[in-house]
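Protein sequences appear in the order of chains A and B. The letter at position 292 of the first sequence is residue 292 when you use my numbering, and the numbering goes up by one with no holes. The letter at position 256 of the second sequence is residue 1256 when you use my numbering, and the numbering goes up by one with no holes. Step one of this worksheet: look at the structure below.
There are 2 protein chains.
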Amino acid sequence: MAFLNENYLKLKAGYLFPEIARRVANFTYENKEAAARLIRCGIGDVTEALPAAARDAMKAAVDELGDRGTFRGYGPEQGYGFLREAIVANAYEPLGCKITADEIFISDGSKCDTGSILDIFGHRNRIAITDPVYPVYVDTNVMCGNTGDVQEDGSHGGLVYLPCRPSNNFVPRLPAEKVDLIYLCYPNNPTGATASFSELVTWVDFARANQAIILFDAAYEAYITEPGVPHSIYEIEGAKDCAIEFRSFSKHGGFTGVRCAYTVVPKDLLASTEDGKRHPLHPLWARRQSTKFNGVSYPVQRGAEALFSEQGKKEVQELITHYLGNATILREACIKAGLDVYGGINAPYIWVACPEGVKSWELFDRMLNEANVVITPGAGFGTAGEGYFRISAFNSRANAEEVARRIAAMKW
Amino acid sequence: MAFLNENYLKLKAGYLFPEIARRVANFTYENKEAAARLIRCGIGDVTEALPAAARDAMKAAVDELGDRGTFRGYGPEQGYGFLREAIVANAYEPLGCKITADEIFISDGSKCDTGSILDIFGHRNRIAITDPVYPVYVDTNVMCGNTGDVQEDGSHGGLVYLPCRPSNNFVPRLPAEKVDLIYLCYPNNPTGATASFSELVTWVDFARANQAIILFDAAYEAYITEPGVPHSIYEIEGAKDCAIEFRSFSKHGGFTGVRCAYTVVPKDLLASTEDGKRHPLHPLWARRQSTKFNGVSYPVQRGAEALFSEQGKKEVQELITHYLGNATILREACIKAGLDVYGGINAPYIWVACPEGVKSWELFDRMLNEANVVITPGAGFGTAGEGYFRISAFNSRANAEEVARRIAAMKW
Chain A
1 MAFLNENYLK LKAGYLFPEI ARRVANFTYE NKEAAARLIR CGIGDVTEAL
51 PAAARDAMKA AVDELGDRGT FRGYGPEQGY GFLREAIVAN AYEPLGCKIT
101 ADEIFISDGS KCDTGSILDI FGHRNRIAIT DPVYPVYVDT NVMCGNTGDV
151 QEDGSHGGLV YLPCRPSNNF VPRLPAEKVD LIYLCYPNNP TGATASFSEL
201 VTWVDFARAN QAIILFDAAY EAYITEPGVP HSIYEIEGAK DCAIEFRSFS
251 KHGGFTGVRC AYTVVPKDLL ASTEDGKRHP LHPLWARRQS TKFNGVSYPV
301 QRGAEALFSE QGKKEVQELI THYLGNATIL REACIKAGLD VYGGINAPYI
351 WVACPEGVKS WELFDRMLNE ANVVITPGAG FGTAGEGYFR ISAFNSRANA
401 EEVARRIAAM KW
Chain B
1001 MAFLNENYLK LKAGYLFPEI ARRVANFTYE NKEAAARLIR CGIGDVTEAL
1051 PAAARDAMKA AVDELGDRGT FRGYGPEQGY GFLREAIVAN AYEPLGCKIT
1101 ADEIFISDGS KCDTGSILDI FGHRNRIAIT DPVYPVYVDT NVMCGNTGDV
1151 QEDGSHGGLV YLPCRPSNNF VPRLPAEKVD LIYLCYPNNP TGATASFSEL
1201 VTWVDFARAN QAIILFDAAY EAYITEPGVP HSIYEIEGAK DCAIEFRSFS
1251 KHGGFTGVRC AYTVVPKDLL ASTEDGKRHP LHPLWARRQS TKFNGVSYPV
1301 QRGAEALFSE QGKKEVQELI THYLGNATIL REACIKAGLD VYGGINAPYI
1351 WVACPEGVKS WELFDRMLNE ANVVITPGAG FGTAGEGYFR ISAFNSRANA
1401 EEVARRIAAM KW
């Protein structure tokens, strides 16, 4: 008799975005006219054309595959050297981070990597996650049995929640209890907040002192516009001893549909067996990837490499300037409407407090029905997200401006 | 203190193919001249140009991404409808299998899927694997803690090995003990054997009677040339109640570097909780994929779809005819050399018995040094693979002919 993984039955009914999709589908089914006016600022998905540098490189790579002399079959599971080296030279050397090409693992997405990284960890770890948080961190821990029962407020037993609120600038205080794995994401999804050098130093020092590991999601680092904000956890001294970093081309080069990301596992990073022996994690992740993954599509890797060419960099910057321009428009519209607004300066997300007493799914329904705008309810990101909503700046300029007008027209 | 997954420390030192790569690298370093003559028949990786139908479709899809009007960001995690429907119409309907598009999950590879499928199963399952076997099945079970200690002969405690030998035509007999998950792969990697209808009926009946689940790897089904050989487990009545099927475009359309595959999880397929309640597995896999995966690159899915166009089918057939032509040449060369030869008729692999008393890694080294040909030692696929070696037919025609000549020239 085949047994299923019962942890899956502990998962909450809907992953956030499918639930949004369901409500939007119902709305558009019942309101054909309003549906035509619908503007989606819910899921954080890019909308603008893929950079020509990436397209040209992808097509050239496809042509290479058309000639048996230049054909390539299975690539290295960890990614081609050309891309790993381009990442070192363009993403880490300029920051002064000493990351080597073989510490970089190319993958098909940060969602995959932030989920699959749990494969190499044991089940005795105490997991700390910020609240609100990207739901994948929680759900993947539920799936592999790292959590207990669901509580009445929707939180999961066994996790240590680190609340992020205006009072701490959305950067959590150190926990009172011992934790072993700590998820941090800066610039943050969903709050749009950044962590300062001194805040990250506090966390790195804490992790090193406790032999804990920080899982640092830097998927939005390209949106940092202000000086003095760290782009990588490895800018902090000692982070190579205690942190894995996840980065992606999704929001950087508009690759959400093309699929390419990378994860840095430093060779200095150790974890323990139950009897207290310390082992490097790099060979474990290398083994995981070479056994359960077969590398990223060759044309996709060439496309990602081209984002670091002179033309590619210019096009990436144009994309980011565009989305951040939207963010400014949306931020200001919310401020003018008298709402408390966070983020949107170093991130493509604006995090807005609902008017006093309004719950976030209630606000979701109001925005959908009254403004025909899809946002993401804060409660979908965790208990501490209740009373907030997230607006995504990934849109056309015309749509961002129209959303700003509709926000202005709403009765708050 | 962060704990690692100690199951990884139970893995044998080298995954088979990295070990081959290491020996070949040593050889080429020490024998520059002979290295130039080296012909690789080791890893089962395609060598010929990617079909033009796929290339054209991929490039057109890349162009679509260059226009914001036709741009696509995140696709459905389970794959685009156009590809799922093309698979139903071209891979299943002609066989009379009633598989629906939403039972098909598009992925970036069968290696990923055969590994990740264990995510949705519990840890109390008794796992049966054929021997010899594709190493990923074993290693992924080791990684997630489904096995015990490594035995002296290299086998893993806790697994039920099903020996495949000439005496059973490389199709295992039913096990005497109870098993819950059963890995079957036909046409088989590494033996090149097929399973007949009646053999698969025996297994499906056994699985249904025991509420066990068959994990059926059909990655090589496109190589079946003989009539009367089942292409899919779903050709067997009742298989939708007891089997998951894995298929891939890797060896079908030459996609090893492009990355696209699919897994069928029928809606009728149930598994049990520990208290004996039966649940469908389809929602678990759907949840797994939507949480830990983000869909296959859009241009890649368009490329895969194009393999089912009229031109695509023709080109795929030409590829397969080419590789099977090589298989015939290699098969006949081994037969002429007086060796016992299996496979190579409905599969791109030839499975050859080593001369009396010669071990398979010893034969690997002899072939490398004397013929400058890389093969795969049977022992790398399991205990029952000792005394055999695998020759891959993925090569140019000239190389296959040259390998045949070198086999003829060797002293057996």
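The beta carbon of each residue, even a glycine, is placed where N, CA and C say it ideally should be. In this text the structure is predicted, and so the values were computed from the model without any measurement.
Along the chain, where does the beta strand (DSSP E) containing residue i start, and where does it finish?
i: Trp-351(A); result: 349-353
i: Glu-245(A); result: 243-248
i: Ser-1272(B); result: 1270-1272
i: Phe-216(A); result: 213-217
i: Ala-1128(B); result: 1127-1131
i: Val-1160(B); result: 1159-1163
i: Ile-29(A); result: Residue 29(A) is actually Tyr in this sequence, not Ile. It is not in any beta strand (DSSP E) - Tyr-29(A) instead sits in the alpha helix (DSSP H) that spans 16-30.
i: Val-171(A); result: Looking at the DSSP string, Val-171(A) is not in any beta strand (DSSP E), and its letter there is neither H nor E.
i: Cys-1260(B); result: Careful: Cys-1260(B) lies outside any beta strand (DSSP E) and carries neither H nor E.
i: Ile-182(A); result: 181-185
Does chain B have any CB closer than 9 Å to the CB of residue i?
i: Glu-177(A); result: no
i: Ile-43(A); result: yes
i: Ile-233(A); result: no
i: Lys-59(A); result: yes
i: Arg-68(A); result: yes
i: Asn-326(A); result: no
i: Lys-313(A); result: no
i: Asp-241(A); result: no
i: Arg-259(A); result: yes
i: His-252(A); result: no
i: Asp-102(A); result: no
i: Thr-47(A); result: yes
i: Arg-173(A); result: no
i: Leu-65(A); result: yes
i: Glu-305(A); result: no
Between residue i and chain A, is the shortest Cβ-Cβ distance under 9 Å, so that the two count as touching?
i: Gly-1109(B); result: yes
i: Ser-1396(B); result: yes
i: Ser-1297(B); result: yes
i: Thr-1256(B); result: yes
i: His-1282(B); result: no
i: Tyr-1092(B); result: no
i: Cys-1185(B); result: no
i: Phe-1071(B); result: yes
i: Ile-1236(B); result: no
Need the endpoints of the alpha helix (DSSP H) that residue i sits in, please.
i: Phe-206(A); result: 197-210
i: Tyr-298(A); result: 298-306
i: Arg-431(A); result: Residue 431(A) is absent from the structure shown; chain A starts at 1 and stops at 412.
i: Cys-1144(B); result: Run containing Cys-1144(B): none; DSSP gives neither H nor E here.
i: Ile-407(A); result: 397-409
i: Ser-110(A); result: 110-116
By alpha-carbon positions, which one of the options ends up nearest to residue i?
i: Cys-334(A); options: Asn-7(A), Gly-295(A), Glu-318(A), Val-352(A); result: Val-352(A)
i: Pro-1230(B); options: Ser-1196(B), Arg-1278(B), Asp-1205(B), Tyr-1223(B); result: Ser-1196(B)
i: Ala-1193(B); options: Val-1133(B), Val-1160(B), Ile-1020(B), Arg-1288(B); result: Val-1133(B)
i: Glu-226(A); options: Phe-17(A), Met-367(A), Gly-343(A); result: Gly-343(A)
i: Asn-326(A); options: Ile-87(A), Ser-396(A), Leu-281(A), Ala-57(A); result: Ser-396(A)
i: Glu-1215(B); options: Cys-1242(B), Gly-1042(B), Arg-1287(B), Ala-1400(B); result: The question names Glu, but residue 1215(B) is Leu in the sequence shown. Cα-wise, what sits closest to Leu-1215(B) is Cys-1242(B).
i: Ala-1002(B); options: Asp-275(A), Gly-387(A), Asp-149(A), Trp-412(A); result: Asp-275(A)
i: Ala-101(A); options: Glu-386(A), Tyr-80(A), Gly-387(A), Cys-260(A); result: Tyr-80(A)
i: Cys-41(A); options: Tyr-323(A), Ser-272(A), Tyr-220(A); result: Tyr-323(A)
i: Leu-162(A); options: Ser-290(A), Ile-244(A), Arg-126(A), His-279(A); result: Arg-126(A)
i: Gln-317(A); options: Phe-249(A), Arg-37(A), Glu-85(A); result: Phe-249(A)
i: Phe-1293(B); options: Gly-115(A), Glu-245(A), Val-88(A); result: Gly-115(A)
i: Gly-312(A); options: Asn-26(A), Val-24(A), Ala-52(A); result: Ala-52(A)
What whole-angstrom Cβ distance do residue i and residue j have, given they're in contact under 8 Å?
i: Tyr-1183(B); j: Ile-1129(B); result: 5 Å
i: Leu-65(A); j: Arg-72(A); result: 7 Å
i: Ala-1060(B); j: Arg-1302(B); result: 7 Å
i: Leu-11(A); j: Gly-380(A); result: Actually they do not touch by this definition, with Cβ atoms about 14 Å apart.
i: Ala-1086(B); j: Phe-1308(B); result: 5 Å
At a CB-CB cut-off below 7 Å, which residues of chain E make contact with residue i?
i: Tyr-1008(B); result: Any reference to chain E falls outside this structure, whose protein chains are A and B.
Residue ranges of each beta strand (DSSP E) within the stretch 1325-1393 of chain B, 3 or longer: 1341-1343, 1349-1353, 1388-1392
Start-end ranges of the beta strand (DSSP E) lying completely within the stretch 1034-1105 of chain B, minimum 3 residues: none
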